[in-house]
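Q:
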């Protein structure tokens with residue numbers, strides 16, 4: 001009799017405890033569900049933003065919007081404080097929450113062996129042999145002068161050839177060189193000696209950063225004339241450039 005009574009009491013206690021645990025779990029689930037539905041303010045993209053866009057473009061294309069917490073990904077931004085100088089690493093699409101990981105330093109977007117293009121400029125490439133790129137001693141990050149030669153030096157009057165340095169301190173964003181086929185012996189030479197004595201035998205593709213008007217002028221010079229580059233560091237003096245003709249050269 002006592003055993004049955006004790007078993008009944010235990011069963012009642014277990015039922016009560018189970019009920020309490022179930023109620024607690026349900027209440028916790030409700031709280032979690034309510035928390036997931038709580039609105040959170042985040043920046044949401046309103047119009048497409050191309051990869052590489054600056055922060056001002058991003059500011060103009062996002063809006064602070066309230067979203068359910070459950071739908072907000074980790075790393076979503078509420079503001080753009082402290083992100084000056086950053087650019088978008090990928091294209092941003094309308095409707096997506098702006099993630100901090102999408103805004104990076106511009107240098108991280110540059111391909112190996114190249115430097116970032118300054119804001120507002122574009123890139124244009126010219127195909128040149130070694131003698132027209134200072135013997136191949138031009139690298140990404142250097143600044144150069146651009147000399148354009150047009151016309152026929154053997155002609156007379158207006159048709160005679162002319163030359164002029166049309167641009168100063170143009171940023172080189174990349175330099176690509178054809179594989180060297182030189183078989184010149186370098187045995188016994190140091191690296192510095194080789195760099196100073198070997199003649200590059202490959203052509204170069206030099207990419208320059210310039211605005212649209214200047215890029216068009218460079219393209220015209222490359223198509224209808226010749227282009228030579230000078231290695232022009234920031235410390236070089238910008239002398240007044242003039243158009244040089246054959247008569248002036250032989251004076």
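Residue numbers (UniProt numbering): 1 to 251. Each residue gets a CB set at the ideal place from its N, CA and C atoms; glycine is no exception. These figures come from a predicted structure and were not determined experimentally.
If I follow the unbroken alpha helix (DSSP H) through residue 246, where does it start and stop?
A: Working through the chain shown from its first residue, we reach residue 246 at position 246. Where residue 246 is concerned, the enclosing alpha helix (DSSP H) stretches over 246–249.
Q: For residue 232, collect the residues of the same chain with a Cβ closer than 7 angstroms to its Cβ; drop the 5 residues on either side in sequence, then sort them by chain order.
A: As a working note, residue 232 is residue 232 in the chain shown. If we look at residue 232 and ignore the five residues flanking it on each side, its Cβ neighbours are 143, 144, 145, 168, 169.
Q: With 16 other CB atoms within 10 Å as the buried threshold, where does residue 86 fall?
A: The count along the chain shown starts at 1 and reaches residue 86 at position 86. The residue is buried, with at least 16 neighbouring Cβ atoms inside 10 Å.
Q: If you draw a straight line from the alpha carbon of residue 215 to that of residue 228, how long is it in whole angstroms?
A: Translated into positions along the chain shown, residue 215 becomes position 215. Translated into positions along the chain shown, residue 228 becomes position 228. Taking the straight line joining both Cα atoms gives about 15 angstroms.
Q: Mark residue 137 as exposed unless 16 or more other C-beta atoms lie within 10 angstroms of its C-beta, in which case mark it buried.
A: Taking the chain shown and counting its residues from 1, one reaches residue 137 at position 137. The residue in question, residue 137, is exposed, as its Cβ has fewer than 16 Cβ neighbours within 10 Å.
Q: Please tell me whether residue 44 and residue 101 are closer than 7 angstroms, where the distance is taken between their beta carbons.
A: Numbered from 1 along the chain shown, position 44 holds the residue referred to as residue 44. Numbered from 1 along the chain shown, position 101 holds the residue referred to as residue 101. Result no, Cβ atoms of residue 44 and residue 101 do not sit closer than 7 angstroms.
Q: Around the Cβ of residue 47, are there at least 16 other Cβ atoms within 10 angstroms (buried) or fewer (exposed)?
A: Counting from 1 along the chain shown, the entry for residue 47 is found at position 47. Residue 47 is exposed by the Cβ-count criterion.
Q: If you compare alpha carbons, which of 139, 212, 219, 84 is closest to residue 55?
A: Taking the first residue of the chain shown as position 1, residue 55 is located at position 55. The option with the nearest alpha carbon to residue 55 is 84.
Q: With DSSP as the reference, label residue 101 as helix, strand or coil.
A: Within the chain shown, the letter at position 101 stands for residue 101. Three-state DSSP puts residue 101 in a helix.
Q: As a quick exercise: from 225, 129, 248, 108, pick the residue whose alpha carbon is nearest that of residue 178.
A: Position 178 of the chain shown, counted from the first residue, corresponds to residue 178. Among 225, 129, 248, 108, the Cα nearest to that of residue 178 belongs to 129.
Q: Indicate the three-state DSSP secondary structure (helix, strand or coil) for residue 235 in the structure shown.
A: Locating residue 235 in the chain shown gives position 235, where the first residue counts as 1. Correct three-state label for residue 235: coil.
Q: Using 10 angstroms around the beta-carbon of residue 16, count the other beta-carbons present and answer buried if the total reaches 16, otherwise exposed.
A: Taking the chain shown and counting its residues from 1, the one referred to as residue 16 is at position 16. That one is exposed.
Q: Note the first and the last residue of the continuous alpha helix (DSSP H) segment covering residue 55.
A: As a working note, residue 55 is residue 55 in the chain shown. Residue 55 -> alpha helix (DSSP H) spans 55–61.
Q: What is the DSSP secondary structure of residue 77, reduced to helix, strand or coil?
A: Residue numbering aside, residue 77 sits at position 77 when the chain shown is read from its first letter. Residue 77 falls in the coil class under three-state DSSP.
Q: Going along the chain, which residues of its own chain have a beta-carbon closer than 7 angstroms to the beta-carbon of residue 62, five neighbours each way excluded?
A: Residue 62 sits at position 62 when you count from the first residue of the chain shown. Excluding residues within five positions, the ones whose Cβ falls inside 7 angstroms are 43, 44, 45, 46, 98.
Q: Between which two residues does the beta strand (DSSP E) carrying residue 205 extend?
A: Position 205 of the chain shown, counted from the start, is the residue given in the question as residue 205. Segment 204–210, the beta strand (DSSP E) holding residue 205.
Q: What did DSSP end up calling residue 152 once you bin it into helix, strand or coil?
A: Locating residue 152 in the chain shown gives position 152, counting from the first residue. Here residue 152 sits in strand by DSSP.
Q: What's the C-alpha gap between residue 50 and residue 91?
A: Translated into the one-based positions of the chain shown, residue 50 becomes position 50. Translated into the one-based positions of the chain shown, residue 91 becomes position 91. So the two alpha carbons sit approximately 4 angstroms from each other.
Q: Which residues bound the beta strand (DSSP E) around residue 164?
A: Here residue 164 is taken as the residue at index 164 of the chain shown, counted from 1. Run containing residue 164: 162–177, per the beta strand (DSSP E) assignment.
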